[in-house]
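Below: the structure, in structure tokens.
Residue numbers (my numbering), protein chains in the order written: chain V, 1 to 139; chain A, 140 to 278; chain B, 279 to 417.
This is the structure:
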């Protein structure tokens, strides 16, 4: 377990804009407020979604596209620097009218409505290549 | 992205009462402690659940009822004023013994056991009708 | 609703070690930092997972084992004392490459990658047997 104590600098409550991209909205908040490290959670609904699944053996992302309205039952993630940009690592659980749940790494999704709570920490998270997983990880 | 900086006033840890309603328990905490704005997350189990799905085209909620014990794998939401009452907007991911996940807007569910962490912010969230989505949104 | 106001003592951001156990990693943080009460949420991926489902009638846990790589779309839980050990009560939503979601009480899972945010509260949570549910509950 790699960890460090963090201190909260500021907190934000946000409402995402209908028609915008879910992840980009979070990154907009991070960029405008110059958040260099943070954790967030959110809920709402999207008009479509692109989920990514990381193939742990081939070390590549596979994508799945859902062209349908979905609830965002839960969304958790964090903000860190990745390749000189603020990146919102975003996982989400989505659902269909039947209650059927879909989930994964949320690459993109058109916002219908979204509510987000973000904590900003002092210092910064910086993602760097990790040899074992071939992912970009912080700490 | 619409957002504002918030400041935490108080924090609460809560255990829901077996047999009570999941969302009403959260609203009871909000009412008793006069929480006018907050975010929470929770986990536990319910004896049944009613999920709502918002039809983004018809602008109406459809409901699905589950008359069976379900784990609450994740629950996130917030507290705001809606029509002169404190409303806990509550999304949840539920699961069956097989591990199958169900998710959505949790309108109601009979608590088996539940653990919740709530943050109260200064000021208040007030939900008002939004023309684009026909939902009641804050900010 | 049983609740109490809590005060945050410290906060931690953590990255789990590839190959370690998901829940044990959280308990390692709790043990090393002597966290007696806390709430956390996390995201990432596991190489396998064991979910438990509590049979509300028979008052026993059933287990389901998944021997496959899964995304951890959302994970929420808390740290409390249980039988003289720090226990991380951990629920999680997992997903397959198709986006199919699985969820429940995460007993174990081999970490592929994991990111966790933990808040430590003053005082302690102590789990004690609850007659109604036959579970060990705090507060």
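The beta-carbon is built from N, C-alpha and C at its ideal position, and this holds for glycine as well.
This structure is a prediction, so every number in the text was calculated from the model and none was measured.
Same chain only: Cβ atoms within 6 Å of residue 149(A), ignoring 5 sequence neighbours per side: 259
Cβ neighbour criterion (16 or more within 10 Å) applied to residue 406(B): exposed
Minimum Cβ-Cβ distance from residue 41(V) to chain A less than 8 Å: yes
Start-to-end residues for the beta strand (DSSP E) that takes in residue 330(B): 316-333
Minimum Cβ-Cβ distance from residue 334(B) to chain A less than 8 Å: yes
Any C-beta of chain V under 8 Å from that of residue 306(B): yes
Sub-8 Å separation of residue 76(V) and residue 16(V) beta-carbons: no
Buried versus exposed, by CB contacts within 10 Å (16 or more), residue 280(B): exposed
Proximal residues of chain V, C-beta to C-beta of residue 295(B) below 8 Å: 1 and 2
Reduced DSSP secondary structure (H/G/I, E/B, other) of residue 372(B): strand
Within 9 Å of chain C by C-beta, residues of the stretch 365-377 of chain B in sequence order: The chain inventory of the structure shown lacks chain C, comprising the protein chains V, A and B.
Cβ neighbour criterion (16 or more within 10 Å) applied to residue 366(B): buried
For residue 240(A): DSSP bridge partner residues: 234(A)
Contact under 8 Å by Cβ, residue 402(B) with residue 320(B): no
Spatial neighbours of residue 86(V) in its chain, beta-carbon cut-off 8 Å, leaving aside the 5 residues before and after: 27, 30, 31, 35, 36, 79 and 80
Beta carbon proximity, residue 388(B) to chain A, threshold 8 Å: no
Environment of residue 334(B) [buried if 16+ CB atoms lie within 10 Å]: buried
Proximity winner among 132(V), 139(V) and 25(V), relative to residue 297(B) (alpha-carbon distances): 132(V)
Residue 331(B) and residue 396(B) closer than 8 Å at C-beta: no
Residue 293(B) (DSSP reduced to helix, strand or coil): strand
Short CB-CB distance (under 8 Å) between residue 186(A) and chain B: yes
Chain A residues whose Cβ lies nearer than 8 Å to that of residue 413(B): 252
Collapsed DSSP secondary structure at residue 10(V) in the structure displayed: strand
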